[in-house]
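Following: one structure in structure tokens, then a few remarks.
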Amino acid sequence: PDLQLWFVEGRDFRSPNAMPDGPDKTIWGAEQLNWLKESLLASDATFKLLISPTPMIGPDDKRKTDNHTNLGGFRHEGDAFFAWLDENGFQDKGFYILCGDRHWQYHSIHPNGIEEFSCGALVDQNSRVGRKPGDPGSTDPEGLIRQPFTSPQAGGGFLLVELDPGPGGPSLSLRLMDIYGEERYAVTQRAPKGD
Numbered sequence: 009p010d011l012q013l014w015f016v017e018g019r020d021f022r023s024p025n026a027m028p029d030g031p032d033k034t035i036w037g038a039e040q041l042n043w044l045k046e047s048l049l050a051s052d053a054t055f056k057l058l059i060s061p062t063p064m065i066g067p068d069d070k071r072k073t074d075n076h077t078n079l080g081g082f083r084h085e086g087d088a089f090f091a092w093l094d095e096n097g098f099q100d101k102g103f104y105i106l107c108g109d110r111h112w113q114y115h116s117i118h119p120n121g122i123e124e125f126s127c128g129a130l131v132d133q134n135s136r137v138g139r140k141p142g143d144p145g146s147t148d149p150e151g152l153i154r155q156p157f158t159s160p161q162a163g164g165g166f167l168l169v170e171l172d173p174g175p176g177g178p179s180l181s182l183r184l185m186d187i188y189g190e191e192r193y194a195v196t197q198r199a200p201k202g203d
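So the sequence shown is numbered by the numbering used here: it starts at 9 and just counts up by one.
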């Protein structure tokens with residue numbers, strides 16, 4: 009197939025936010041994490057999209073403790089998952105993360121090359137300007153994350169994803185739109201070499 013989606017559940021299996029971060033703290037739970045890894049390895053899809061309710065790359069606010077980007081949050085589980093993605097070469101397998109729960113749109117790239125797109129807030133009233141790599145008040149004060157795009161000002165919108173099977177092989181368009189359907193930012197990803 010050209011496209012396969014993974015939707016992970018982030019509430020039913022999660023440890024308390026206040027629990028100290030470490031190998032026993034989880035958002036996903038062992039069973040769901042094993043399913044995710046096994047099914048990603050088994051997938052022959054050209055493009056693989058992980059739909060995460062919360063961000064995995066960010067950056068996010070330093071003060072928070074409720075997602076995989078947060079120091080003191082669930083960072084250990086997030087770091088372990090990114091190490092696993094790296095060990096299995098998912099940077100070259102058409103794998104992308106699409107996330108919600110941030111009130112700004114962005115396209116960020118983890119130091120290992122995995123990319124994340126945040127859909128942002130749907131309406132202007134819930135939107136805000138986000139944290140940038142290198143911001144001391146962020147989860148990435150060292151600026152290790154690359155961020156080709158972040159919303160320059162507060163504003164609602166959505167992420168539009170389009171697959172084009174194309175005669176020369178499939179491509180995936182990821183477009184960050186405003187509330188009126190006007191494009192703010194777009195990236196088109198081509199099929200990975202070897203697909």
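Every residue gets a Cβ at the ideal spot worked out from N, C-alpha and C, and that includes glycine.
Which same chain residues end up closer than 6 Å to residue i when comparing Cβ atoms and leaving out the 5 residues on each side of it in sequence?
i, result
"Ser159", "Trp112, Gln113"
"Pro156", "His115"
"Gly142", "Gly151"
"Gln12", "Ser51, Ala53, Lys56"
"Tyr104", "Leu57, Glu123"
"Gly177", "Ala199"
"Gly80", "Asp29, Thr73"
State the CB to CB distance for the pair residue i and residue j, rounded to an integer number of angstroms; the pair is presumed to be in contact (CB under 8 Å).
i, j, result
"Pro67", "Ser179", "In fact, because the Cβ distance is near 28 Å, the residues do not count as touching under 8 Å."
"Ala194", "Arg183", "4 Å"
"Lys45", "Trp92", "6 Å"
"Asn25", "Asp69", "Going by Cβ atoms, the distance from Asn25 to Asp69 rounds to 14 Å, so no, they are not a contact pair."
Would you kindly check if the distance between the Cβ of residue j and the Cβ of residue i is under 8 Å?
i, j, result
"Arg120", "Leu49", "Checking the sequence, you will find Asn at residue 120 rather than Arg. Not a contact, by the Cβ cut-off of 8 Å."
"Gly108", "Cys127", "yes"
"Thr34", "Ser47", "no"
"Arg192", "Gly165", "yes"
"Gly18", "Thr77", "no"
"Phe82", "Asp29", "yes"
"Trp36", "Phe21", "yes"
Buried or exposed: residue i, going by 16 or more other Cβ atoms within 10 Å of its Cβ?
i, result
"Glu85", "buried"
"Ser60", "buried"
"Asn134", "exposed"
"Phe15", "exposed"
"Arg110", "buried"
"Ala129", "buried"
"Thr196", "exposed"
"Gly138", "buried"
"Asp148", "buried"
So for residue i, helix, strand or coil by DSSP?
i, result
"Trp14", "strand"
"Ser179", "strand"
"Gln197", "strand"
"Glu190", "coil"
"Phe98", "helix"
"Gln155", "strand"
"Phe82", "coil"
"Lys140", "coil"
"Asp20", "coil"
"Ser146", "strand"
"Leu130", "coil"
Ordered along the chain, which non-local residues of its own chain (more than five positions away) have a Cβ less than 8 Å from that of residue i?
i, result
"Pro173", "Asp10"
"Asp132", "Ala162, Gly163, Gly164, Ile187"
"Met185", "Gly165, Phe166, Leu167, Leu168, Glu191, Arg192"
"Phe98", "Leu48, Lys56, Ile122"
"Lys201", "Asp100"
"Ile153", "Ile65, Gly66, Pro67, Ser116, Ile117, His118, Pro119, Pro141"
"Glu170", "Leu180, Ser181, Arg183"
Who are the near neighbours of residue i in its chain, counting only those whose CB is closer than 7 Å to its CB and skipping five residues on each side?
i, result
"Phe90", "His118, Asn120, Ile122"
"Glu39", "none"
"Gln27", "It is worth fixing the name first, because residue 27 is Met in this sequence and not Gln. These residues qualify, in order along the chain: Lys33."
"Lys136", "Before going on, a small fix: residue 136 reads as Arg here, not Lys. Excluding sequence neighbours, Arg136 sits near His111, Trp112, Ala162."
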